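Notes follow once the structure below has been shown.
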Amino acid sequence: CEQHSANPTLLVILIAILTLGALVLATTGGRHLDTTKLVFRCAFQPTRIVITYAQVASQLGDVLNFTPPPAFASVVEVMQPIMDIWTILFKSIGSSECFGLDGFASYWMLRVVILPVLFGLIVVAVYCIDRQRAPDKAYGNAKGNIFFSIFFVYPSVCATSFAAFICRKLSATHSVLEADDTILCNDPEHSTTKLLSGIVVVLFAFGLPVLFGYVLVHEARKYSRESAGMNSALAHRVAEDLDVDEDAAGFVIRDVILGEDYGFLMDAFSPQYLYWEVLDMLRKLCLVGLVLLIGRGSVAQLNTALLLSFGFFALQCTCKPYK
50 CEQHSANPTL
60 LVILIAILTL
70 GALVLATTGG
80 RHLDTTKLVF
90 RCAFQPTRIV
100 ITYAQVASQL
110 GDVLNFTPPP
120 AFASVVEVMQ
130 PIMDIWTILF
140 KSIGSSECFG
150 LDGFASYWML
160 RVVILPVLFG
170 LIVVAVYCID
180 RQRAPDKAYG
190 NAKGNIFFSI
200 FFVYPSVCAT
210 SFAAFICRKL
220 SATHSVLEAD
230 DTILCNDPEH
240 STTKLLSGIV
250 VVLFAFGLPV
260 LFGYVLVHEA
270 RKYSRESAGM
280 NSALAHRVAE
290 DLDVDEDAAG
300 FVIRDVILGE
310 DYGFLMDAFS
320 PQYLYWEVLD
330 MLRKLCLVGL
340 VLLIGRGSVA
350 QLNTALLLSF
360 GFFALQCTCK
370 PYK
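For the sequence shown, my numbering assigns the number 50 to the initial residue and increments by one for each residue that follows.
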């Protein structure tokens with residue numbers, strides 16, 4: 050560790066990534082259509098698709114226990130800094146072991162606790178700035194920024210939490226953690242990590258998609274019950290002016306109204322597929338979390354992952370949910 054020298058280039062890249070993330074948080078939540086914010090909002094949708102791909106692809110090797118082909122590995126390596134801030138951080142300032150951050154417990158703490166807290170602090174900072182600049186929109190912007198933060202950290206938190214339960218048997222009485230073979234799975238200290246991981250899996254990994262799905266369906270039904278009738282004339286006029294189906298026009302009006310509070314969950318998708326972000330979160334949960342429980346590297350796990358991947362692929366090709 051004493052002989053290790055810092056890498057200023059990687060440190061600059063890390064600072065640039067964090068700065069860009071903060072800038073995206075500050076701009077995507079707002080509804081002002083000045084040139085800078087419009088550029089960011091237009092660029093964010095394709096960037097979001099790339100990040101979604103990278104979130105799953107960058108973890109497949111670890112989850113499925115295989116070495117990817119060289120071309121695929123090169124693509125994942127380029128995307129890795131976007132997905133894992135800690136890797137580039139410790140490559141720039143020194144090995145994590147030099148700072149006493151070795152073992153699965155430290156790995157778990159960095160990805161499950163510190164990374165979400167870091168994004169939370171950025172959200173709070175942006176909210177404080179918004180309260181001074183546009184107090185009437187600060188709360189709505191903050192909700193969008195929270196959704197963005199969850200979108201970014203969700204796969205990493207899921208994979209790390211599930212990894213706490215994946216053990217490899219050494220004998221009839223002893224087994225070690227797959228992610229760190231220095232840890233005995235029946236060790237009392239690791240039992241605490243498993244308990245905390247179980248709470249994270251239930252409340253965060255499963256709880257958030259269920260919560261988001263409930264909120265979106267509830268709000269859509271509330272709109273249909275209370276506002277759709279009043280906006281029917283407007284939908285008819287929009288359909289005539291834009292030469293579109295009246296149902297599609299009604300979806301657009303509902304999308305605009307609900308988007309004030311839930312824009313980040315809905316902005317990327319056609320109005321009739323307002324729930325698609327929830328479905329995509331479940332896809333990530335299955336591919337980087339649930340398949341770990343089947344048997345890492347086993348034929349059953351690979352077949353399950355293939356079925357899930359092609360199932361979601363067929364669903365997306367059929368529905369074409371993205372705007």
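Each residue gets a CB set at the ideal place from its N, CA and C atoms; glycine is no exception. Every value quoted in this text rests on a predicted model; they were computed, and no experiment measured them.
*Thinking C-beta only, is residue 152 closer than 8 Å to residue 229?*
The residue given as residue 229 occupies position 180 in the sequence shown. The residue given as residue 152 occupies position 103 in the sequence shown. Cβ distance < 8 Å, so residue 229 and residue 152 count as in contact.
_residue 79, DSSP secondary structure in three states_ = Position 30 of the sequence shown, counting from 1, holds the residue named residue 79. Reliability of the predicted coordinates at residue 79 is poor, the pLDDT of 47 falling under 50, and no value is obtained from them.
*Would residue 120 be called buried (16 or more neighbouring beta carbons within 10 Å of its own) or exposed?*
What you label residue 120 is simply residue 71 of the sequence shown in a count that begins at 1. Label assigned to residue 120: exposed.
*In angstroms with no decimal places, state the Cα-to-Cα distance between residue 333 and residue 224.*
Here the question's residue 333 lines up with position 284 in the sequence shown. Here the question's residue 224 lines up with position 175 in the sequence shown. Roughly 28 Å separates the two Cα atoms.
_Minimum C-alpha distance to residue 338 - residue among 194, 195, 247_ = Mapped onto the sequence shown, residue 338 falls at position 289. Looking at the Cα atoms, 247 is the closest of the given residues.
*With a floor of 3 residues, list each beta strand (DSSP E) that falls wholly inside the region 202 to 247, ordered by position along the chain.*
216 to 218, 224 to 226, 229 to 233
*Using the beta-carbon count (16 or more within 10 Å), is residue 258 buried or exposed?*
Taking the sequence shown and counting its residues from 1, one reaches residue 258 at position 209. When all chains shown are included, residue 258 counts as buried.
_What does DSSP give as the partner residue(s) for residue 318 in the beta ladder?_
If you number the sequence shown from 1, residue 318 lands on position 269. Paired residue(s): 371.
*In the structure shown, what three-state DSSP assignment does residue 122 receive?*
In the sequence shown, counting from the first residue as 1, residue 122 sits at position 73. Helix at residue 122.
*Exposed unless 16 or more other CB atoms sit within 10 angstroms - verdict on residue 239*: Within the sequence shown, the letter at position 190 stands for residue 239. That one is buried.
*Since residue 337 is in the alpha helix (DSSP H), which residue starts that stretch and which ends it?*
In the sequence shown, counting from the first residue as 1, residue 337 sits at position 288. Taken as a continuous stretch (DSSP letters only), the alpha helix (DSSP H) holding residue 337 covers 325 to 337.
*Can you tell me which of 335, 348, 342 puts its alpha carbon nearest to the alpha carbon of residue 357?*
What you label residue 357 is simply residue 308 of the sequence shown in a count that begins at 1. Ranking the options by Cα distance to residue 357, first place goes to 335.
*Identify the continuous alpha helix (DSSP H) that holds residue 164 and give its terminal residues.*
Residue 164 sits at position 115 when you count from the first residue of the sequence shown. That run of the alpha helix (DSSP H) goes 164 to 182.
*Does the region 156 to 165 come within contact of the region 195 to 210, defined as at least 3 CB pairs closer than 8 Å?*
yes
*Assigned exposure category for residue 235 - 16 Cβ within 10 Å defines buried*: By one-based count along the sequence shown, residue 235 stands at place 186. Per the 10 Å Cβ criterion, exposed.
*If you draw a straight line from the C-alpha of residue 110 to the C-alpha of residue 125, how long is it?*
The sequence position of residue 110 within the sequence shown is 61, counting from 1. The sequence position of residue 125 within the sequence shown is 76, counting from 1. Distance between the alpha carbons of residue 110 and residue 125 is about 10 Å.
*Which residues in the same chain have their Cβ closer than 7 Å to the Cβ of residue 108, if we skip the five residues on either side of it in sequence?*
Here residue 108 refers to the residue found at position 59 of the sequence shown. Cβ neighbours of residue 108 beyond the five flanking positions: 204, 208, 337.
*With 16 as the cutoff for other CB atoms within 10 Å, does residue 191 come out buried or exposed?*
Here residue 191 corresponds to residue number 142 of the sequence shown, with the count starting at 1. Looking at its Cβ environment, which holds 16 or more other Cβ atoms inside 10 Å, residue 191 is buried.
*Along the chain, where does the alpha helix (DSSP H) that runs through residue 347 open and close?*
The residue you call residue 347 lines up with position 298 of the sequence shown. Where residue 347 is concerned, there is no enclosing alpha helix (DSSP H), given that its DSSP letter is neither H nor E.
*Give me the Cβ distance between residue 319 and residue 372, rounded to the nearest whole Å; I'm assuming they're in contact under 8 Å.*
Position 270 of the sequence shown, counted from the start, is the residue given in the question as residue 319. Position 323 of the sequence shown, counted from the start, is the residue given in the question as residue 372. About 6 Å separates the two Cβ atoms, so the contact holds.
*Neighbourhood of residue 198 by C-beta distance below 8 Å, restricted to the same chain and skipping five residues each side*: Indexing the sequence shown from 1 puts residue 198 at position 149. Cβ within range, chain order: 74, 165, 168, 169, 171, 172.
_For a test of your reading of the model: does the CB of residue 171 fall under 7 Å from any non-hydrogen atom of the ligand COA? Yes or no._
The ligand COA is absent from the structure shown, which contains no ligand whatsoever.
_Option in 216, 189, 355, 368 with minimal Cα separation from residue 342_ = Here residue 342 is taken as the residue at index 293 of the sequence shown, counted from 1. Out of 216, 189, 355, 368, 216 has the C-alpha closest to the C-alpha of residue 342.
*Run through DSSP, which three-state label would residue 185 get?*
As a working note, residue 185 is residue 136 in the sequence shown. Residue state, collapsed to three classes: helix.
*Give the single residue among 365, 353, 340, 362 whose Cα lies nearest to the Cα of residue 214.*
Along the sequence shown, one-based indexing puts residue 214 at 165. Checking every option, the nearest Cα to that of residue 214 belongs to 340.
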